[in-house]
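Using numbering that gives the first Met the number 0, the first residue of the sequence shown is number 0, and each one after it goes up by one. Below is one structure; the comments refer to it alone.
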Amino acid sequence: MRALFSAICCLFLLQIVSAQNSPDCRTAIPVCADGPIMGTTDGSGDIDDFDPEVITQTGCLEKGSVSSANIENNTGWYVFRAGTDGQIGFDLEALPVTPGSPITSEWDFALYGPFDETSNENFCTIVGNGTAQPIRCNYEYNETNFTGIGVNPVDGREGAPFVKGSQNTYDEWLNVRQGEIYYLYINNYNTNFDDEAESFMLTFTGSSVDEDQDNALDCTLRDEFLGFDIVACEGDPDITLSALNSPAGPNIANVTWSVDWDDDGTIDQPLATGVTEYTVSSPDSGRYYVSIENNQGQIISDDVLITFYGTPELDEVRVIDDLVHSDQTDPYNVEIVPVGDGNYEYAINGGEFQDDPVFRDVPPGINTVVINDKNGCGTSEPEEFLVVGYPKFFTPNSDGFHDNWTVYGVEELGNPVVYIFDRFGKLLKQINVNVGWDGTFNGRDMPSSDYWFRLEYEREDDGVLVAKSVRRHFSLVR
């Protein structure tokens with residue numbers, strides 16, 4: 000539920016819109032193009048937005064020669080949604096801390112996207128781990144006090160693809176499609192180590208803005224001023240929600256925070272009143288609500304779902320098909336069942352991860368499974384599981400691999416007995432639990448060929464003990 004109760008459009012018509020600083024991608028400030036945005040960064044950037052081992056080695060956010068620099072120290076995050084198809088850019092202008100004082104900031108930026116709201120991706124996770132690389136970014140030394148996308152209004156220099164060392168502080172125009180989401184990261188590398196607030200002016204440009212300033216970027220996104228729903232990991236830094244990013248700005252008479260822990264539509268308890276910011280700590284998942292009364296008595300509200308996930312855990316491996324769980328002898332199929340809900344992917348036996356928890360044609364015997372949280376919350380420890388079945392071949396050449404043929408997991412069967420025959424039906428070997436065939440008969444090596452076996456065992460079906468028999472063949476390869 001996101002609602003804006005009352006007509007407050009007049010607030011949008013101010014020549015300059017003030018925006019609070021959000022140093023956290025997860026709570027990026029929604030903005031649009033209906034007026035210049037006055038912003039500041041105050042040295043409170045959060046390094047946890049990025050995986051430094053990845054980001055500092057790839058893309059245009061590399062730290063260059065200052066290997067110990069904090070990639071986020073004087074940082075602001077913004078998010079916008081394209082309201083129309085067309086061309087978008089922006090000017091990022093450095094401002095003095097106080098009127099008349101020298102300009103000490105030198106702004107840099109990175110732009111990420113386009114993101115699709117229907118994709119169920121955790122956008123800030125894939126930004127931070129380097130999966131999503133910047134599509135525009137610039138950290139060149141700036142003598143004009145302007146950087147951005149499009150054309151530098153001071154020297155008229157047109158934006159171009161980023162080339163390190165080019166000293167072109169503008170990147171080429173961005174062509175957008177309606178509904179696309181973009182995240183804008185603003186940082187002041189020039190004052191990476193001081194904690195003094197720095198100011199800038201952010202103005203959106205481009206032919207789309209020239210044609211329709213109010214709709215080029217979707218201004219209704221500002222009604223969702225708490226930001227998009229947040230997925231975080233247990234143990235992550237606190238998340239600060241701000242009422243100051245609402246269309247009411249600082250004109251607030253009262254604020255009330257509350258929470259629905261189960262996200263079932265029922266508010267469970269009030270949290271705080273009279274504070275413009277509320278901090279959510281791990282692992283307090285829930286839907287958080289804020290109700291704001293502005294100085295004119297108008298009510299503005301918003302909510303955001305915050306979900307903390309822990310490291311994935313395996314609940315069970317559900318064997319769908321093997322000699323114990325079905326009459327199917329080939330192929331063997333299993334389903335991986337994690338504990339709880341999450342955005343998971345799965346891998347067995349060191350293979351590639353897949354989204355589908357069902358694995359088909361699984362090898363008989365002992366296998367391993369790991370579960371990876373796609374939101375970056377970790378990977379489970381490898382867990383072993385058993386598929387009761389037989390291999391299709393073996394190679395008795397004493398190399399330590401596939402030297403014996405047996406029914407893997409045969410000890411899980413009731414009263415099992417295995418008979419091995421040559422292709423003429425001659426009985427070569429009878430094996431029981433934990434005994435395999437080494438490919439010999441009366442001390443002589445048997446030749447490469449197909450051999451047959453009959454497995455007899457008992458299985459309980461609906462409370463009745465039933466005798467089962469499996470007849471199949473396998474290959475001896477030398």
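Idealized CB from N, CA, C, for every residue including glycine.
Burial state of Ala252 is exposed, judged by a 10 Å Cβ sphere holding fewer than 16 other Cβ atoms.
The C-alpha of Cys218 is placed about 13 Å away from the C-alpha of Asn244. DSSP places Gly127 inside the alpha helix (DSSP H), whose first and last residues are Phe122 to Gly127. In the three-state reduction of the DSSP assignment, Val208 falls in the helix class. Here Glu383 carries a strand assignment [DSSP, helix/strand/coil].
Between Val434 and Val387, the CB-CB gap reaches or exceeds 8 Å. Here Ser284 has Ile305, Thr306 and Phe307 as same chain residues with Cβ atoms under 7 Å from its own Cβ, once five neighbours each way along the sequence are excluded.
Between Val303 and Asp228 the beta-carbon gap is near 6 Å, inside 8 Å, which marks them as a contact. In chain order, Ser257 and Asp259 place their CB closer than 6 Å to the CB of Ile266, counting only its own chain and leaving out the 5 sequence neighbours on each side.
In this structure, the beta-carbon distance from Phe352 to Asn371 falls below 8 Å. The Cβ neighbour count for Gly164, taken over all protein chains shown within 10 Å, is under 16; the residue is labelled exposed.
Remark: fewer than three beta-carbon pairs, one from each stretch, lie closer than 8 Å, so the region 284–295 and the region 362–382 are not flagged as touching. Of the candidates Phe452, Tyr77 and Thr328, the residue whose Cα lies closest to the Cα of Ala27 is Tyr77. Residue state for Asn214 is assigned as coil, using DSSP reduced to three classes. For Tyr182, same chain residues with a beta-carbon under 7 Å away, outside a window of 5 residues either side, are Cys24, Ala27, Trp76, Val78, Tyr111, Gly112, Phe122 and Val126 in chain order. The criterion of a C-beta distance shorter than 8 Å is satisfied by Ile238 and Val279. The count of Cβ pairs closer than 8 Å, one atom from the region 171–179 and one from the region 86–106, reaches three, so the stretches are in contact. Runs of the beta strand (DSSP E) spanning 3 or more residues and lying entirely within the region 346–403 occur at 364–372 and 382–386, in chain order. Excluding residues up to 5 positions away in sequence, Ser165, Gln166, Asn167 and Thr168 lie with their Cβ nearer than 7 Å to the Cβ of Glu139 in the same chain. Cβ-Cβ distances below 7 Å link Val416 to Gln429, Asn431 and Glu455 in the same chain, with the five nearest sequence neighbours on each side left out; the list follows chain order. Counting along the chain, the unbroken beta strand (DSSP E) around Trp451 starts and ends at Ser448 to Asp460. Distances from the alpha-carbon of Ser379 to those of Gln177, Tyr345, Trp436 and Glu457 put Tyr345 closest. From the listed residues Asn20, Phe452 and Gly34, the smallest Cα separation to Asp209 is found for Gly34.
Between Thr204 and Gly149 a beta carbon distance of about 5 Å is seen, short of the 8 Å cut, so the two are scored as contacting. Closest in alpha carbon position to Pro98, among Ala109, Glu197 and Thr394, is Glu197.
The beta carbon of Asp437 is closer than 6 Å to those of Pro395 and Asn403 in its chain, skipping five residues each way along the sequence. Counting C-beta atoms within 10 angstroms of its own C-beta, Glu223 has 16 or more neighbours from the protein chains shown and is therefore classed as buried. The C-beta distance from Glu312 to Ser281 rounds to 17 Å, too long to fall under 8 Å, and the pair is not in contact. Distance from the CA of Arg422 to the CA of Trp451, rounded to the nearest whole angstrom, comes to 7 Å. Linking Leu225 to Tyr389 through their CA atoms gives a straight-line distance of about 57 Å. In the structure shown, Ala196 adopts coil according to DSSP, grouped into three states. When the beta-carbon positions are compared, Pro133 and Thr74 stay at least 8 Å from each other. Rounded to whole angstroms, the separation of the alpha carbons of Val406 and Phe392 is 12 Å. Beta-bridge pairing by DSSP links Trp76 to Tyr184. When beta bridges are read from the DSSP output, Gly442 appears opposite no residue.
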